[in-house]
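In this text, residue positions in the first sequence follow the working numbering: the first is 1471, and each later residue adds one. All C-beta atoms in this analysis are idealised placements derived from N, C-alpha and C, irrespective of residue type, glycine included. Heads up: the structure comes next, in structure tokens.
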Amino acid sequence: MRGIVTRFAPSPTGYLHIGGARTALFNWLFARRHGGTFILRIEDTDQERSTPESVVAILEGMTWLGMTWDEGPYYQTERRELYREEAKRLLAEGKAYRCVCTPEELDRRREAARAKGEKPRYDRRCRDLPPSGAEGKPFVVRFKAPLSGTTIVRDLLRGDIAYENEELDDLVLLRSDGSPTYNFVVVVDDATMGITHVLRGDDHLNNTPKQVLLYEALGTLLPRFGHFPLIHGMEGGKLSKRQDDVSVMAYRDRGFLPEAMVNYLVRLGWGHGDQEIFSVEELTRIFSLESVGKSPSRFDPEKLLHLNAHYIKTGNPERLAALLVPFLGKRGFDVEPSPWLVKAVRTFQERSRTLEEMAESSEFYFLCKDPDPKAAEKFFTPEMAPVFEEIAREFADLPDFTPAAMEPVLHRVAEKTGSKLGKVAQPMRVALTGGTVSPGIFEVMDVLGRDEVIRRLSRASRRIRGA
RNA sequence: GUCCCCAUCGUCUAGUCCGGCCAAGGACACCGCCCUUUCACGGCGGCGACGCCGGUUCAAAUCCGGCUGGGGACGCCA
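Below is the structure:
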């Protein structure tokens, strides 16, 4: 007995998206919370659309978010014999039948049913066909679902949901090429893998009664089910790749931290009083299905940004520096993590919402940018040239080039010209960073270092003097 | 169309199970003010919701029914 066993079973037809990631997260947290087992299973029964690249992308996304699986990844393509055996058994037991209707015919009938305002589903015309009737023709294997009665789905989040069996359909178990379909493999796999809790999106709720019937036909124990609401895009409705940013890895590439992503995702549909910030470690202790909401939630990039800013602000600067390196590289700065870089990072932790923003705004640390034209016009006035020169001279004579030592210099110079610190600080900022927005001027100088500061001040004064 | 699910600020949510503690709390966003060498951070304040109608009850965001609205599913996709 392994206690609780959950699984995440994505189909490898694209990258790991926001919705899938949250499904995985809930399953993972639930297993961790109860000391259970979390299984990763790749549902690659759709030969047409499954790709090995997608598998890699999904594993990469899981790993980035820190979700470790205890078993798998299992691949359904490697378990085909099992499904075939089970289908054969159902056929032999009269719980399934061969259907020779062609996809085209089915399409036509579905359309006709829809036109008449009926529920489009299989009319079961092959259900009682003698085995000889399928002779020589391609066939699919269908499940012989009961025609009457009621099937109850016991859902952990929603309670009991009753379905009239006459509403249900005769599912295709095996396609005409012999490959199994989703609704079949999911039941066979969940049963044979001993999954105790099937936690998945709401979009599977209506499949569940059919699956329950299948479990019964197979003679296996039923897992517990829990269907949580879908995540909607900002426009409402299912997240769409078209109008919503849904790839998890795209967020990494834009400078989001995995802990921010996890924190955001878990709060979409789950709450714990008024608390907003959760570490992964804490989540694995307190996550509970009872606190998962029943109504759908919208994906709000603004709030994710806010959380990311929080984790950057409070994050370990050494780690952030290392994570920042590739973003700097993208902008053409070939830097290595170093104590100096860490110091630079510290000056931006409180003013960056993403690593990408940090890389962008910290560019001036790596090259002496030309001043922004408007800023230069406003702050590089003729009287600033001698001020810059004097400050440079005094800096050169300072025994230690520390913020504590620099500060009196600026105050003295400011007083001499009868102005406040701001009058000097802002032009200095333009001279040193090229713009009017930056970390505190003393912090900036501390990172830049004495030589570079003097160099940039001289450059600015030369510029003012028109040299 | 049929079936299923859902319904508290613009958004994420607390409260709903066990009606009174809720003239509904927190967070994001937005708007002010304060702090301040810029920008941020931070602090303070503001804006802002129980979808509607009925019922039960001394009392309903909380229980019941209907309506409306939103979403999902109806594949040889998963």
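If you run the structure through DSSP and keep just helix, strand and coil, what is residue i?
i: Ser1717; result: strand
i: Thr1621; result: strand
i: Arg1761; result: Looking at the sequence provided, one finds Ser at residue 1761 rather than Arg. DSSP places Ser1761 in helix when its eight states are reduced to three.
i: Asp1672; result: helix
i: Asp1867; result: helix
i: Val1656; result: helix
i: Ile1701; result: strand
i: Lys1586; result: coil
i: Ile1934; result: helix
i: Tyr1592; result: coil
i: Pro1650; result: strand
i: Ser1767; result: strand
i: Pro1679; result: helix
i: Met1471; result: Only weak support exists for where Met1471 lies, its pLDDT of 48 falling under 50; the value from the coordinates is given anyway. Coil, per DSSP.
i: Val1642; result: strand
i: Gly1892; result: helix
i: Val1805; result: coil
i: Arg1559; result: helix
i: Val1736; result: helix
i: Arg1925; result: helix
i: Pro1482; result: coil
i: Glu1551; result: helix
Using a Cβ-Cβ cutoff of less than 6 Å, which residues in the same chain neighbour residue i once the five nearest sequence positions on both sides are dropped?
i: Val1812; result: Pro1787, Glu1788, Ala1791
i: Arg1580; result: Pro1590
i: Ser1822; result: Ile1782, Met1828
i: Phe1818; result: Met1828, Ser1832
i: Phe1748; result: Asn1733
i: Phe1654; result: Leu1643
On the DSSP bridge assignment, give the partners of residue i in chain order.
i: Ile1488; result: Answer is none; Ile1488 lacks a bridge partner.
i: His1742; result: None; His1742 has no bridge partner.
i: Glu1634; result: Thr1620
i: Thr1476; result: Phe1508
i: Tyr1545; result: Ile1512
i: Gly1629; result: Asp1625
i: Lys1708; result: His1702
i: Cys1569; result: Val1610
i: His1667; result: Arg1694
Skipping 5 residues on each side, what residues in its chain have a beta carbon closer than 8 Å to that of residue i?
i: Arg1800; result: Note that residue 1800 is Lys in the sequence shown here, rather than Arg. Result list for Lys1800: Ala1829, in chain order.
i: Leu1891; result: Leu1880, His1881, Ala1884
Output needed for residue i: all residues of its chain with C-beta closer than 7 Å, excluding positions within five of it in sequence on either side, in chain order.
i: Ser1482; result: According to the sequence shown, residue 1482 is Pro rather than Ser. Correct list, in chain order: Ile1512, Asp1514, Ser1520, Thr1521, Ser1524, Val1525, Ile1528.
i: Val1716; result: His1487, Ile1488, Leu1709
i: Ile1756; result: His1742
i: Arg1920; result: Phe1865, Phe1871
Review point. Per the contact definition of three or more C-beta pairs closer than 8 Å, is the region 1865 to 1873 in contact with the region 1835 to 1851?
Key: no
Check your understanding: Curious, which full-length beta strand (DSSP E) runs of at least 3 residues does the region 1816 to 1860 contain?
Key -> none
**Study point:** At least three beta-carbon pairs within less than 8 Å, the region 1717 to 1736 to the region 1534 to 1549
**Key:** yes
Point to revise | contact_flag[the region 1758 to 1771, the region 1731 to 1749] where n(CB pairs < 8 Å) is 3 or more | key: yes
Point to revise | At least 3 beta-carbon pairs within less than 8 Å: the region 1647 to 1662 vs the region 1553 to 1569 | key: yes
Check your understanding: Does the region 1757 to 1766 come close enough to the region 1569 to 1579 that 3 or more CB-CB pairs lie under 8 Å?
Key -> no
Check your understanding: Counting Cβ pairs, one atom from each stretch, are 3 or more of them under 8 Å apart for the region 1837 to 1845 and the region 1892 to 1908?
Key -> yes
Review point. Do three or more CB pairs link the region 1485 to 1505 to the region 1682 to 1693 at distances below 8 Å?
Key: no
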